[in-house]
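In our numbering, the protein residues as written are 1 to 599.
Just so it is clear, CB atoms sit at the ideal spot from N, CA and C, and this is done for glycine as well.
As the structure is a prediction and not an experimental result, all values here were calculated from the model.
Below, the structure written as C-alpha cells:
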C-alpha cells in the first residue's frame with residue numbers, strides 16, 4: 001500500500017493440490033517395441049548382447065527421493081542400475097527423468113518358454129509368418145504411484161523341420177531295433193512320414209517336399225493339422241505311402257537291403273529292407289529311416305557233383321566219363337539260402353542210390369551251425385559201374401549225348417537230397433562209361449549159322465532152290481549207332497539194305513539192340529569151277545567120304561571204324577545111284593535123256 005511517499009507491502013501464497021505422478025518407458029536395444037507385432041520390435045540373434053532401458057519420469061508435482069523409487073522387471077527382477085540421474089541431486093523433481101538399465105544375453109526363443117509369447121507375434125506385415133517373441137515388462141513404483149511398460153524382441157526367422165518315418169506304425173530306426181516289423185512278402189506295407197515344423201517360420205504346402213530314397217516323391221497327405229495348408233511352428237502333418245512287401249531273399253537291385261532283424265545280437269541277421277524319408281522346406285531339411293524284414297523263412301539248397309562236375313542233365317556236356325572200376329567222388333554242397341540258422345543235427349543229406357551221406361569234409365566256419373549264406377560240403381566215394389551189365393542196384397538212364405542227335409548211351413544217375421526242418425531240396429548228377437563201340441554180326445543161310453563149311457548145320461540145297469541169307473547185327477558196345485552210319489556188305493551179293501527187323505524201330509542201333517537184314521537168291525549148281533562166287537571144300541560130314549564144292553559168302557558190317565564179319569555156307573546134294581524112279585538132273589534142274597543099248 002502507498003500513502004504519499006510512504007509505502008508498505010506484505011506477500012501471501014497459494015499452491016496446487018499435491019499431485020504425484022510417475023511414468024516408465026521401457027526400451028529393448030533402444031526400441032520402444034510396445035507392440036509385439038510392431039515394426040520397431042528388434043530382431044536379435046540368440047547369444048547377442050541385449051540392453052533393456054527403463055526411462056523413469058516424474059510426471060507429477062511432487063519430488064521423489066531416490067529411496068522412494070523402485071523399478072522392477074517381471075522377468076529380470078529389481079532393476080537398480082541407474083545410468084543417468086538427471087541433475088544428479090538424487091531427487092527426481094517434477095518433469096525430471098532418470099534412466100535405469102540392465103544388460104543381458106538374447107535367448108534362443110525356440111528353446112525357452114520364459115518370457116516367450118505364445119500368441120501370434122513378430123509379424124508387423126501381418127503375413128501370418130509368426131515367431132516366438134520375448135516380452136518383459138518394466139514397472140516403477142514411487143510412493144503410491146505406479147506405471148508399467150512392456151517391450152519385446154524376437155530372434156531372426158529360424159525355419160526348422162523334422163520328419164519321423166514309420167513302417168506299419170513302427171519307428172524302426174535301427175535295423176536291429178526290437179520294433180522292426182516282420183512283414184510277409186506280398187503283404188501290404190504302409191509308410192508314414194510325420195513332418196513337424198520345429199522352427200518359428202510358417203511353411204506353405206508348396207514349400208514342403210517329402211521324398212523316399214526308394215519310393216520317390218511322397219505326395220499323399222492324410223492329415224494336414226488344422227487344415228489351413230500352412231504348416232505353422234509346432235504343427236505336424238502326416239504323409240503316407242502304401243506298397244507291397246518284397247521277398248528280401250531275392251535281393252532286388254530296386255531296394256536297399258541291409259543286415260538286421262537281430263535285436264539280441266546273436267550274429268544271425270536277416271535281410272532287412274531300409275528306406276529313408278527326407279523332408280525339405282526352404283533351406284531346412286531332415287531325414288529319418290525305418291526298416292522291415294520278412295518273417296523267418298528257412299531255405300536250403302543242394303548242388304550235387306560227380307568227380308567235380310555238376311552234370312545235372314544226363315546229356316550235359318560236363319557229364320564225366322568214368323571207366324568201370326575207377327573211383328567216383330560224389331560231392332554234395334549244401335547252402336543255407338534262407339534266413340534261419342540250422343544246427344548240424346537238423347540237417348539230413350541222402351543219396352537215392354548210396355543212402356545217408358554223413359561225411360562232412362568242409363563245415364564252413366566250423367561252428368556246427370549252418371548260418372544263412374553258409375555252405376557245407378558232404379562227400380561220398382565209390383567205384384564206377386559197368387553201365388551195360390551192372391544195372392540191378394543202380395539207376396541207368398539214356399544220356400551222354402550233348403549233341404541231342406538221339407545217340408544216347410547208358411548213363412548213371414543218382415540224386416542227392418537235403419532235408420532240414422520244413423525245407424528240402426534235391427539235385428541229380430550223372431556219369432557214363434568211356435565210349436567202347438563194338439559190333440557183332442551173325443550171318444545165316446536159310447536159318448542156319450553154317451560158319452564152318454564142314455559143320456553139321458550147313459544146308460544142302462538143290463540147284464535152283466530159294467535161299468534166304470539173314471544178317472543179325474548186334475550192338476555189343478556202349479555207343480549207339482545211327483542207321484545212316486551202318487554199312488552192311490556181302491562179299492558176293494554186295495550191299496545189303498533190306499532190314500527185316502529194326503529192334504525198337506527208332507533208327508538207332510542202341511547198345512544191346514539187334515537188327516536183322518536179309519537178302520534172297522537161288523542155290524547154284526556147285527562145282528570147283530564156278531566163277532564169280534567163292535567155292536570152298538566142305539560138306540564133309542561124319543561118315544561121309546571126301547568133300548564137295550561148298551558155297552561161301554561173307555557178311556561184313558562197318559560203322560565208322562568199328563567192324564564185324566561172319567561167313568555162312570551151303571552145298572548141293574552128293575551124287576548117288578539112281579533108283580527105279582529117280583531121274584538124274586542136269587546142273588540147271590532139267591531132264592536129260594541118256595541113250596540105252598539093249599541086248
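Got a sec, what are the start and stop residues for the beta strand (DSSP E) residue i sits in?
i: residue 21; result: Looking at the DSSP string, residue 21 is not in any beta strand (DSSP E), and its letter there is neither H nor E.
i: residue 304; result: 300 to 306
i: residue 332; result: 327 to 336
i: residue 102; result: 97 to 105
i: residue 413; result: 409 to 420
i: residue 432; result: 423 to 432
i: residue 241; result: 236 to 244
i: residue 291; result: 284 to 293
i: residue 519; result: 514 to 522
i: residue 548; result: 548 to 559
i: residue 441; result: 439 to 445
i: residue 165; result: 161 to 167
i: residue 375; result: 375 to 383
i: residue 223; result: 221 to 223
i: residue 54; result: 49 to 58
i: residue 227; result: Here residue 227 belongs to no beta strand (DSSP E), and DSSP marks it neither H nor E.
Since residue i and residue j are thought to touch, with beta carbons under 8 angstroms apart, how far apart are those beta carbons, to the nearest angstrom?
i: residue 478; j: residue 409; result: 6 angstroms
i: residue 263; j: residue 178; result: 5 angstroms
i: residue 40; j: residue 48; result: Wrong, their Cβ atoms sit about 17 angstroms apart, outside the cutoff.
i: residue 95; j: residue 134; result: The Cβ separation is near 32 angstroms, so there is no contact.
i: residue 361; j: residue 377; result: 5 angstroms
i: residue 548; j: residue 534; result: Not quite, the Cβ-Cβ distance comes to about 15 angstroms (not below 8 angstroms), so this is no contact.
i: residue 571; j: residue 524; result: Between residue 524 and residue 571 the Cβ distance is about 10 angstroms, and since that is not below 8 angstroms, they are no contact.
i: residue 138; j: residue 224; result: In fact, because the Cβ distance is near 42 angstroms, the residues do not count as touching under 8 angstroms.
Leaving out five residues before and five after residue i in sequence, what residues of the same chain have Cβ atoms less than 8 angstroms from its Cβ?
i: residue 519; result: 468, 469, 471, 490, 493, 496 and 498
i: residue 342; result: 298, 300, 336, 369, 370, 420 and 421
i: residue 599; result: Residue placement at residue 599 cannot be trusted, given a pLDDT of 47 that sits under 50; what the coordinates show is reported in the next sentence. If we look at residue 599 and ignore the five residues flanking it on each side, it has no Cβ neighbours.
i: residue 9; result: 1
i: residue 62; result: 18, 19, 20 and 94
How about residue i and residue j: are their beta carbons less than 7 angstroms apart?
i: residue 151; j: residue 28; result: yes
i: residue 418; j: residue 300; result: yes
i: residue 292; j: residue 167; result: yes
i: residue 149; j: residue 22; result: no
i: residue 236; j: residue 194; result: yes
i: residue 270; j: residue 335; result: no
i: residue 454; j: residue 538; result: yes
i: residue 159; j: residue 201; result: yes
i: residue 562; j: residue 437; result: yes
i: residue 176; j: residue 260; result: yes
i: residue 431; j: residue 320; result: yes
i: residue 83; j: residue 101; result: yes
i: residue 54; j: residue 75; result: no
i: residue 326; j: residue 254; result: no
i: residue 425; j: residue 303; result: no
i: residue 18; j: residue 145; result: no
i: residue 185; j: residue 170; result: no
i: residue 250; j: residue 296; result: no
Excluding the 5 residues preceding and the 5 following residue i in the sequence, name in chain order all residues of the same chain whose CB lies nearer than 6 angstroms to its CB.
i: residue 589; result: Because the pLDDT of residue 589 is 43, which lies under 50, any placement of that residue in the model is unreliable, and the number read from its coordinates should be weighed accordingly. Correct list, in chain order: 463 and 464.
i: residue 288; result: 163, 164, 165 and 277
i: residue 381; result: 329
i: residue 450; result: 457, 458, 568 and 569
i: residue 187; result: 245
i: residue 103; result: 51
On a CA-only basis, which of the options is nearest residue i? Give me that one, please.
i: residue 331; options: 279, 416 and 277; result: 416
i: residue 92; options: 58, 25 and 351; result: 58
i: residue 282; options: 539, 68, 457 and 162; result: 162
i: residue 516; options: 459, 557, 528 and 531; result: 557
i: residue 480; options: 451, 434 and 460; result: 434
i: residue 209; options: 227, 473 and 284; result: 284
i: residue 560; options: 567, 485, 426 and 512; result: 485
i: residue 574; options: 530, 506 and 460; result: 460
i: residue 366; options: 62, 138 and 344; result: 344
i: residue 452; options: 79, 306 and 541; result: 541
i: residue 286; options: 333, 125, 222 and 199; result: 199
i: residue 406; options: 373, 444, 12 and 505; result: 505
i: residue 247; options: 267, 36, 476 and 183; result: 183
Taking 7 angstroms as the limit between beta carbons, can you name the residues of its chain near residue i, skipping five residues before and five after?
i: residue 45; result: 106, 155 and 156
i: residue 241; result: 191, 212, 215, 218 and 220
i: residue 274; result: 175, 256, 258, 289 and 291
i: residue 42; result: 28, 29, 31, 33 and 153
State yes or no: is the beta carbon of residue i nearer than 7 angstroms to at least one beta carbon in chain E?
i: residue 296; result: Of the protein chains in this structure there is only one, and it is not chain E.
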